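Residue numbering for the sequence shown follows the working numbering, beginning at 2 and increasing consecutively. This report concerns only the one structure given below.
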Amino acid sequence: MTDPDTVSFTTMKDGTREDYELLARLEKPFLALTADRVLDELRRAGETSLEGYRITRLDHGLQSATRAERDGADLDWIVGALLHDIGDGLAPQNHDRLSAEVIRPFVRWDVAWVVEHHGIFQMLYYGHHYGWDRNARDRFRDHPCFDSCATFCERWDQSSFDPDYDSLRLEHFEPMVRAVFGRKAHDPAVIREGFVSALPA
Ligand SMILES: [Fe+2]
Ligand SMILES: [Fe+2]
Numbered sequence: 002m003t004d005p006d007t008v009s010f011t012t013m014k015d016g017t018r019e020d021y022e023l024l025a026r027l028e029k030p031f032l033a034l035t036a037d038r039v040l041d042e043l044r045r046a047g048e049t050s051l052e053g054y055r056i057t058r059l060d061h062g063l064q065s066a067t068r069a070e071r072d073g074a075d076l077d078w079i080v081g082a083l084l085h086d087i088g089d090g091l092a093p094q095n096h097d098r099l100s101a102e103v104i105r106p107f108v109r110w111d112v113a114w115v116v117e118h119h120g121i122f123q124m125l126y127y128g129h130h131y132g133w134d135r136n137a138r139d140r141f142r143d144h145p146c147f148d149s150c151a152t153f154c155e156r157w158d159q160s161s162f163d164p165d166y167d168s169l170r171l172e173h174f175e176p177m178v179r180a181v182f183g184r185k186a187h188d189p190a191v192i193r194e195g196f197v198s199a200l201p202a
């Protein structure tokens, strides 16, 4: 006799309809806690950080998001700025793409694109010091999100390593994270595929 709160199978192909209905039911409260797990990861980024920088990875995200908010950016941009490096911990060599996948179901398309590509755009500021092509971003010159990504990096990312900047606290951004992750995932009305929103000038 199996526990009524667990499935009967040990291999997925043997699962019954009841098993999968049970899993679908139990997945709902798990999905509802995504925002909490994201916030936990941000807090972790304030504890285990990259050596050498003058601020923690959490502080960098807070500073980026604060700059975005003070520039008059909308909710999607602010949360995108806050979470643009959330993938640092698990995918340090690929963090931009992981960060984009975390937010992609819940934010506008252009915000996810910018977060996905910010790594290559950021090379403009330091790539030459390693002998890399600092203009590698130019391969996206014709992409409709090119200007947004360039502005995002210039105003909110590369500028946000200042230990003296008065960033807003994580508590300020928590309701915004909850609002974004509380949206229906992959909702076309949220994603607005192909639409490019103007960043504040
Ligand atoms: Fe980054
Ligand atoms: Fe960053």
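C-beta: ideal position from N, C-alpha, C; glycine also. Computed from a predicted model, the values in this text were never measured in an experiment.
Taking 6 angstroms as the limit, name every residue whose beta carbon sits nearer than that to some heavy atom of ligand 2, in sequence order.
His61, His85, Asp86, Asp158
Short check: CB of Ala69 to CB of Trp157, under 8 angstroms?
One-based indexing of the sequence shown puts residue 69 at position 68. One-based indexing of the sequence shown puts residue 157 at position 156. Yes, the pair counts as a contact, with Cβ atoms nearer than the cut-off.
Beta-carbon spacing of Arg138, His129 below 8 angstroms:
Residue numbering aside, residue 138 sits at position 137 when the sequence shown is read from its first letter. Residue numbering aside, residue 129 sits at position 128 when the sequence shown is read from its first letter. No, they are not a contact pair.
Quick one: which unbroken alpha helix (DSSP H) runs of 4-plus residues sit fully inside the stretch 19-96? Chain order, please.
35-46, 58-71, 76-84
Ends of the alpha helix (DSSP H) at Met124?
Locating residue 124 in the sequence shown gives position 123, counting from the first residue. 110-127 is the span of the alpha helix (DSSP H), which, as asked, contains Met124.
Would you decide whether Gly81 is buried or exposed? Buried here means 16 or more other CB atoms lie within 10 Å of its CB.
Numbered from 1 along the sequence shown, position 80 holds the residue referred to as residue 81. Looking at its Cβ environment, which holds 16 or more other Cβ atoms inside 10 Å, Gly81 is buried.
May I ask you to check if the CB of Gln94 is nearer than 7 angstroms to at least one heavy atom of ligand 1?
In the sequence shown, residue 94 corresponds to position 93, counting from 1. Every heavy atom of ligand 1 is 7 angstroms or more from the Cβ of Gln94, so no.
Gln123 beta carbon near ligand 1 (any heavy atom closer than 7 angstroms):
Here residue 123 refers to the residue found at position 122 of the sequence shown. Gln123: yes, Cβ under 7 angstroms from ligand 1.
Between Ser149 and Phe107, what straight-line distance do the alpha-carbon atoms span, to the nearest angstrom?
The residue labelled residue 149 in the question sits at position 148 within the sequence shown. The residue labelled residue 107 in the question sits at position 106 within the sequence shown. Their backbone Cα atoms lie some 19 angstroms apart in a straight line.
Would you mind sorting Gln94 into buried or exposed? The rule is 16 or more other CB atoms within 10 Å of its CB.
Position 93 of the sequence shown, counted from the start, is the residue given in the question as residue 94. Its Cβ having fewer than 16 others within 10 Å, Gln94 is exposed.
C-alpha distance - Thr11 paired with Glu102, whole-angstrom precision:
Here residue 11 refers to the residue found at position 10 when the sequence shown is read from its first residue. Here residue 102 refers to the residue found at position 101 when the sequence shown is read from its first residue. The straight-line gap from Cα to Cα measures roughly 30 angstroms.
Is Asp143 helix, strand or coil by DSSP?
Position 142 of the sequence shown, counted from the first residue, corresponds to residue 143. Asp143 falls in the coil class under three-state DSSP.
Do Ile79 and Met13 have their CB atoms nearer than 8 angstroms?
Mapped onto the sequence shown, residue 79 falls at position 78. Mapped onto the sequence shown, residue 13 falls at position 12. The answer is no: Cβ separation not under 8 angstroms.
Check whether the Cβ of His119 sits closer than 7 angstroms to any heavy atom of ligand 1, and report yes or no.
On the sequence shown, position 118 is the one that residue 119 refers to. Yes - ligand 1 has a heavy atom lying nearer than 7 angstroms to the Cβ of His119.
Determine, using beta carbons only, whether Arg193 and Trp110 come nearer to each other than 8 angstroms.
For the purposes of this step, residue 193 is taken as the residue at position 192 of the sequence shown. For the purposes of this step, residue 110 is taken as the residue at position 109 of the sequence shown. In this structure, Trp110 lies closer than 8 angstroms to Arg193 by Cβ.
Under a three-way DSSP split, which group does Phe162 fall into?
For the purposes of this step, residue 162 is taken as residue 161 along the sequence shown, with counting starting at 1. Phe162: coil per DSSP, three-state reduction.
Mapping the DSSP letters down to three states, classify Pro189 as helix, strand or coil.
Position 188 of the sequence shown, counted from the first residue, corresponds to residue 189. Reduced to three states, the DSSP call for Pro189 is helix.
Would you report the Cα separation of Thr67 and Glu172, rounded to the nearest angstrom?
Stepping through the sequence shown from its first residue, residue 67 is reached at position 66. Stepping through the sequence shown from its first residue, residue 172 is reached at position 171. Their backbone Cα atoms lie some 12 angstroms apart in a straight line.
With 16 as the cutoff for other CB atoms within 10 Å, does Arg71 come out buried or exposed?
Numbered from 1 along the sequence shown, position 70 holds the residue referred to as residue 71. Burial call: exposed.
So, helix, strand or coil for Arg105, using DSSP?
Working through the sequence shown from its first residue, we reach residue 105 at position 104. In this structure, Arg105 counts as helix in the three-state DSSP scheme.
Whole-angstrom distance between Thr49 and Asp165, CA atom to CA atom:
Residue numbering aside, residue 165 sits at position 164 when the sequence shown is read from its first letter. Residue numbering aside, residue 49 sits at position 48 when the sequence shown is read from its first letter. One C-alpha to the other measures close to 20 angstroms.
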